[in-house]
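Let me begin by presenting the structure, written as C-alpha cells, before commenting on it.
Numbering (our numbering), first residue to last: 10 to 625.
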C-alpha cells in the first residue's frame, strides 16, 4: 500500500483518503460529463471515416450517442451511466441550449473552436463542491452568423467570436451559475442561480435534465452494455413537486427532486427516451416512439405529442418558465440521491406508478440545503489554503485555484472499445470491410472505459497521452492518487500496445508523441514518495523504452526519427505522414527526446536501486 499523501487533514483531505482506501466512493460522481460527444472518432460510423461530418452539432440533439454523452457544465457517474445537466431557452433560439456550440474542424478558420462564454470557477478533487458559470445571451444565439463569418475568414485573420456578434451588448445576457455539493458520496445537491445582467426583465425557460446513457439498443455484450433502465414519477405525501425514481441494473436505485426557490411549486415534468429520432434519421436504431429531442419540440415548437404522456422513460426534465428581473436572481434547487451500486429500493417497487404507503424518501430539499453548500465551500477554502503555497499573493492564489478547478472540471468519462467500434454493433447497420483496415486497426486490444484527464472537454474531448503526462504534475499536488492512477492506466495492457507503444489519441492511436511519460512519473514520485508506484511504472516503461529504441532513421545511423515531436502543434509538414512529393525530413528532436528519456529512466533506476540490486 502506498504511503498516505494526505497529511493535511482538512475535510477534503479526509474524503480523498477515504476514497483512496475504498472506505467511501467520494469520486463515483463528478464533473465527468463531456462537453462535446458529436464530431468525435468514437461516434464515427461513416464509410469514409469523416468524423466531423458523420455526427455534426445539428444531429446531436436527435441522435443517441453510442460511446458517451455531453451536456452543459454537467455531471455523471464514473461509468457514464446516468447524466445530469441543465437545458436553457431564451424564447428566441430555434433549439434549447443544452450543449455548447462551436465550429467543427473544417468550419473554423483555425480548426475546431468553441463559440461560447463559460467558466470553471471552482472545484475540489472529490467534487464535494464545484462551480461553473455559463453566459447565455437574451437575444437569439447567432449560430448561423458564427459559422458563416468564420468560414469566409482565412487562417491569417482572427476568429469571429461570440462577443464580436453583439450577443453581449448592453449586458443583454443571463449569468447561469451552476453549483454542485455532496452531502455524502451518493447524495448530490445541485443549485442553479440565474442573474439577469440586462436592464429589463427577461423570460428564461429552465430545464434540469436527467438521463441514462443509451446502452440497450446496440445489441452489444461488452462491459458498459446494459439492460434498459427506467425512470418514473411518483408523488409521495408531503412532496407535491414529485420525485423521479431511477433504477439501473448496476448503478442501483436513485431519487431526483427539483424545487423552484424554497416553495413547493410543482414543475412541469417531461419524459422521453434517450433514443434516436427515426423521423429525422431514417434507419437508425430506436426501440420506441419518443425520442431524445422531444423536449426541443415541446418547449420550442409547442408540440406536446413528442413527449411521453405517461411519466416514465430514460430521460426526464423539470420544466420551469421564469421571469428574471435585474438584480433579483432566480434560484433552482435539485437533489440526486442514490443507495449505491447494485442497490434496490425496499419501499418503491420497480414497476407500477403508485407510491406505497411505507415509502421513505432518501433525502429532501429542506432548510439544510443551502447550509450544506456553505459548509462545502468553506471546506474547499480550507483545502486550497493547505495546498497552495502560502507565499503567493492573493491574486496568484486565485489564479492557481481556478487553474486547479480547470483540471478537475476537464476530467471526463471516456469510453472507446476499438474492436467493437471497428466491427460495428450487432443491431447496427452493415459497415464496409475496409473499416477493419482503417483508422486504429492495429489497436484492437484497446479497451478504454475510465475517467481520464482531457486536454479540453470541448475542443479536445479525447485523451492525448503526452498532454495527460503534463497534466498529472500539477494534479499530484491536489489529488496524488488520481495522478498516479492516470499515469499507470496508460501503461496497462488494455491501453499500451503489445509492442510497447503508448496510445496517442483517438484520431490516430499510433501517432508518435514525445516520450514524456517517464519524466511525469518521476515528477509525481518526487511529490508522493510512493516507491511501489515508481517500480510499477518503471517496469512497464521498459517496454515503451524498447519500442522507442527500435525507431531508427531510414539511413541506419541510429538516429531516432519520425512522429509528432515538435514543442507545439505548428509545423510546415505533418511529420507523422510521408512528405508530400517524396523525400525525407532530417530531424534532431527525436534523438534529443530519447536522450531525455534515457536520463529519466536512469534517475528512476538509481532511485529504485537503493532498495533492490535488481535495478543496479
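By construction, the Cβ of each residue, glycine as well, lies at the ideal position given by its N, Cα and C atoms.
In this text the structure is predicted, and so the values were computed from the model without any measurement.
| Query | Result |
| --- | --- |
| Tell me whether residue 419 is buried or exposed, calling it buried when 16 or more other Cβ atoms sit within 10 Å of its Cβ. | buried |
| If I follow the unbroken beta strand (DSSP E) through residue 386, where does it start and stop? | Run containing residue 386: none in the beta strand (DSSP E); it sits in the alpha helix (DSSP H), 377–396. |
| Are the segment 330–347 and the segment 257–265 touching by the rule of at least three beta carbon pairs closer than 8 Å? | yes |
| Quick check on DSSP: helix, strand or coil for residue 52? | coil |
| Considering residue 326, what are the terminal residues of the beta strand (DSSP E) in which it resides? | 324–333 |
| Which residue comes first and which comes last in the beta strand (DSSP E) that contains residue 421? | 420–426 |
| What's the call for residue 626, buried or exposed, on a 16-neighbour Cβ count within 10 Å? | Since the displayed the chain opens at 10 and closes at 625, residue 626 lies outside it and no answer follows. |
| Take residue 53 and list the residues in its own chain whose beta-carbon comes closer than 6 Å to its own, dropping the five residues that flank it on each side. | 60, 63 |
| Tell me whether residue 436 sits in a helix, a strand or coil according to DSSP, three-state version. | coil |
| DSSP state of residue 157, grouped into three classes? | helix |
| At the level of alpha carbons, what is the spacing between residue 471 and residue 515? | 7 Å |
| Measure the beta-carbon distance from residue 452 to residue 506 and round it to whole angstroms, keeping in mind my assumption that it falls under 8 Å. | 7 Å |
| Using the rule of at least 16 other Cβ atoms within 10 Å of the residue's Cβ for burial, across every protein chain shown, is residue 588 buried or exposed? | exposed |
| Give every residue of the same chain whose Cβ lies closer than 7 Å to the Cβ of residue 434, excluding the five residues on either side of it in the sequence, and list them in chain order. | 227, 228, 229 |
| Whose CA, out of 202, 545, 234, lies closest to the CA of residue 334? | 202 |
| Starting from residue 540, trace the alpha helix (DSSP H) in both directions and tell me its first and last residue. | 540–558 |
| Leaving out five residues on either side along the sequence, give the residues of the same chain with a beta carbon under 6 Å from the beta carbon of residue 220. | 92, 283, 324 |
| List the endpoints of the continuous beta strand (DSSP E) containing residue 191. | 182–193 |
| Could you name the residues that DSSP lists as bridge partners for residue 462? | 420 |
| Between the segment 532–545 and the segment 607–621, are three or more C-beta pairs nearer than 8 Å? | yes |
| When the Cα of residue 127 is compared with those of 111, 115, 116, which residue comes out closest? | 111 |
| Nearest by alpha-carbon distance to residue 519: which of 427, 536, 211, 529 is it? | 427 |
| Is it the case that the Cβ atoms of residue 177 and residue 146 are separated by a distance below 8 Å? | yes |
| Using 8 Å as the Cβ pair cut-off and three pairs as the minimum, do the segment 466–485 and the segment 111–122 touch? | yes |
| Under 8 Å: do the segment 481–488 and the segment 398–417 share three or more Cβ pairs, one atom per stretch? | yes |
| State whether the segment 77–94 contacts the segment 31–43, with contact taken as three or more CB pairs (one from each stretch) at a distance under 8 Å. | yes |
| Look at the alpha carbon of residue 254 and the alpha carbon of residue 354, and state the distance between them as a whole number of angstroms. | 10 Å |
| From 132, 184, 386, pick the residue whose C-alpha is nearest to that of residue 488; which is it? | 132 |
| Go ahead and label residue 10 buried or exposed: buried means 16 or more other beta carbons lie within 10 angstroms of its beta carbon, across all protein chains shown. | At residue 10, the pLDDT of 34 sits below 50, so the modelled position is not reliable; the number obtained from the coordinates is stated separately. Exposed, because fewer than 16 other Cβ atoms sit within 10 Å of the Cβ of residue 10. |
| Using 8 Å for Cβ pairs, my map puts residue 204 next to residue 338. What's the rounded Cβ distance? | 5 Å |
| From residue 493 to residue 476, what distance separates their C-alpha atoms? | 15 Å |
| What does a CB cutoff of less than 6 Å around residue 309 pick up in its chain, not counting 5 residues either side in sequence? | none |
| Among the residues of its own chain, which have a CB less than 8 Å from the CB of residue 321, if the five just before and after it don't count? | 239, 240, 241, 242, 280, 362 |
| Nearest CA to the CA of residue 437: which residue from 210, 247, 291? | 291 |
| Mind the definition here: the segment 159–179 touches the segment 301–320 only if three or more C-beta pairs lie below 8 Å; say whether that holds. | no |
| Identify every residue that forms a DSSP beta bridge with residue 256. | 239, 262 |
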